[in-house]
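Q: Below is a structure I'd like to ask you about.
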Amino acid sequence: MRIGDDVDLAARILRDGGVVAIPTETVYGLAADATQPDAIARIFELKGRPRSHPLIVHLAGVEQLDGWAGELSRAALTLTQTCWPGPLTVVVPRGARVIDAVTGGRPSVGLRVPAHPLTLELLQRLDTGLAAPSANRFGHVSPTTAQHVANDLGAGVGYILDGGACPVGVESTIVDCTTEPPQLLRPGAITWEELATLLGTPPAAATGPARASGMLASHYAPRARVVLVNSPAEAEALHTPNSRIIGDVDDLATYAATLYAQLRAADDAGVDTIIAVLPPAAGLGHAIRDRLGKAAAPRP
Ligand code: TXA
Ligand code: MG
Numbered sequence: 001m002r003i004g005d006d007v008d009l010a011a012r013i014l015r016d017g018g019v020v021a022i023p024t025e026t027v028y029g030l031a032a033d034a035t036q037p038d039a040i041a042r043i044f045e046l047k048g049r050p051r052s053h054p055l056i057v058h059l060a061g062v063e064q065l066d067g068w069a070g071e072l073s074r075a076a077l078t079l080t081q082t083c084w085p086g087p088l089t090v091v092v093p094r095g096a097r098v099i100d101a102v103t104g105g106r107p108s109v110g111l112r113v114p115a116h117p118l119t120l121e122l123l124q125r126l127d128t129g130l131a132a133p134s135a136n137r138f139g140h141v142s143p144t145t146a147q148h149v150a151n152d153l154g155a156g157v158g159y160i161l162d163g164g165a166c167p168v169g170v171e172s173t174i175v176d177c178t179t180e181p182p183q184l185l186r187p188g189a190i191t192w193e194e195l196a197t198l199l200g201t202p203p204a205a206a207t208g209p210a211r212a213s214g215m216l217a218s219h220y221a222p223r224a225r226v227v228l229v230n231s232p233a234e235a236e237a238l239h240t241p242n243s244r245i246i247g248d249v250d251d252l253a254t255y256a257a258t259l260y261a262q263l264r265a266a267d268d269a270g271v272d273t274i275i276a277v278l279p280p281a282a283g284l285g286h287a288i289r290d291r292l293g294k295a296a297a298p299r300p
């Protein structure tokens, strides 16, 4: 396994049907050419992810939507034009280039244009989209550095394109634009409040069976037990030598950007309990609370 910033090499491996870990502004992704079924199969194998869980296809720009998306609703047009490149995934009717292996046979596809200079350069060199889930083992904490990817997936990944630490730190907001009003499937750095403003109406809560794997109760879990509290004082009261407190509640952007690194660091330090302070339920606080809730949920 190699780590570096060679975009040419990454492009070559991907064209040849290989798998490359890529940096995005949210978390690292495990990418393959979205049109090559064998390459897609390798992603599911490496992650240990059930094949019915659909992957997000990453594109170079809004002008690449042709072929990947079917007819776009007004909401999808507004969100893609306003938020891309950026931490937003839209679920839209799939276009002719989308294969069943990517969507688990669904009639819809998740699309996003990531805001990371290295990965945008890579996408611009390729004449295809990149299917990429977060580059972690299924159900574990997402990686926000190249080293996290190496620790999780090791030799299975041929190349890790190192773009530094991911500045946002939590996975993209997912909005299902195939429903009216659109549904928020996963909260992220494009907030509920921003979506309500952009759409002119608040997005609905997700309904029906869990469609996003992030909608499963237990997900994003470190090895240590996670206990949630509502204030730093409450956290201090529970603190023991075998526990660690996390929670920059006064700076939510930093809390999100360092959340997964802090969960991993606590595991590396061997503590048995992580005491996490919940941020207020507003703005980016929704995404942090969502991931912490899943990290703290009973494990299967
Ligand atoms: O920030 C991100 O979105 C990162 C980076 C790498 O782009 N990717 C990511 O991928 O978080 P993943 O596979 O870990 O999560 C994608 C979520 C899954 O929960 C999946 O179920 C949902 O997107 N998804 C993808 N396509 C979908 C579709 N057609 N309908 C409903 N959910 C979909
Ligand atoms: Mg994931």
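Going left to right, the sequence shown walks through residues 1 to 300 as the numbering used here numbers them.
Glycine included, C-beta positions come from ideal geometry on N, C-alpha and C.
(1) Report yes if the C-beta distance between Thr145 and Ile22 is below 8 Å; otherwise report no.
(2) Taking only the alpha-carbon atoms, compute the straight-line gap between Ala75 and Ala196 and give it to the nearest angstrom.
(3) Going by the beta-carbon positions, is the gap between Arg94 and Gly129 smaller than 8 Å?
(4) Flag Val271 as yes when its Cβ comes closer than 7 Å to any non-hydrogen atom of ligand 1, and as no otherwise.
(5) So, Ala295 versus Val226, is the Cβ gap smaller than 8 Å?
(6) Fully enclosed by the segment 145-220, which beta strand (DSSP E) runs are 3 residues long or longer?
(7) Which of helix, strand or coil does DSSP assign to Thr35?
(8) Taking the alpha-carbon positions, what's the Val141 to Ala256 distance?
(9) Three-state secondary structure (DSSP) at Asp100?
(10) Out of Tyr260, Ala131, Leu9 and Trp192, state which residue places its alpha-carbon closest to the alpha-carbon of Arg125.
(11) For Pro117, is the beta carbon positioned less than 7 Å from some heavy atom of ligand 1?
(12) Can you list, in chain order, the residues of its chain whose CB lies under 7 Å from that of Arg42, leaving out five sequence neighbours each side?
(13) Relative to ligand 2, is the shortest distance from any of its heavy atoms to the C-beta of Pro133 smaller than 7 Å?
(14) At a cut-off of 7 Å, would you count His140 as near ligand 1, judging by its Cβ distance to the nearest heavy atom?
(15) What did DSSP end up calling Gly67 once you bin it into helix, strand or coil?
(16) In this structure, how does DSSP classify Arg289 when only helix, strand and coil are distinguished?
A: On the basis of the coordinates in this document:
(1) Sequence index remark: in the sequence shown, residue 145 carries index 145 (1-based). Sequence index remark: in the sequence shown, residue 22 carries index 22 (1-based). No, the pair does not count as a contact, with Cβ atoms beyond the cut-off.
(2) Position 75 of the sequence shown holds residue 75. Position 196 of the sequence shown holds residue 196. About 11 Å.
(3) What you label residue 94 is simply residue 94 of the sequence shown in a count that begins at 1. What you label residue 129 is simply residue 129 of the sequence shown in a count that begins at 1. Result no, Cβ atoms of Arg94 and Gly129 do not sit closer than 8 Å.
(4) In the sequence shown, the residue the question calls residue 271 occupies position 271. No, since every heavy atom of ligand 1 falls outside the 7 Å radius drawn around the Cβ of Val271.
(5) As a position in the sequence shown, residue 295 is number 295, starting the count at 1. As a position in the sequence shown, residue 226 is number 226, starting the count at 1. Contact: yes.
(6) 159-161, 173-176 and 183-186
(7) Residue mapping note: residue 35 aligns to position 35 of the sequence shown, counting from 1. Coil at Thr35, not helix or strand.
(8) Position 141 of the sequence shown holds residue 141. Position 256 of the sequence shown holds residue 256. Cα-Cα distance, rounded: 13 Å.
(9) Indexing the sequence shown from 1 puts residue 100 at position 100. Looking at Asp100 - three-state DSSP - the assignment turns out to be helix.
(10) As a working mapping, residue 125 is identified with position 125 in the sequence shown. Ranking the options by Cα distance to Arg125, first place goes to Leu9.
(11) The residue given as residue 117 occupies position 117 in the sequence shown. Not under cutoff, so the answer is no.
(12) Position 42 of the sequence shown, counted from the start, is the residue given in the question as residue 42. Same-chain partners within the cutoff: Val19 and Ala32.
(13) In the sequence shown, the residue the question calls residue 133 occupies position 133. Yes, ligand 2 has a heavy atom inside 7 Å of this Cβ.
(14) On the sequence shown, residue 140 is found 140 positions in, with the first residue counted as 1. No, the beta carbon of His140 sits no closer than 7 Å to any heavy atom of ligand 1.
(15) Mapped onto the sequence shown, residue 67 falls at position 67. If DSSP states are grouped into helix, strand and coil, Gly67 belongs with coil.
(16) As a working mapping, residue 289 is identified with position 289 in the sequence shown. Three-state DSSP puts Arg289 in a helix.
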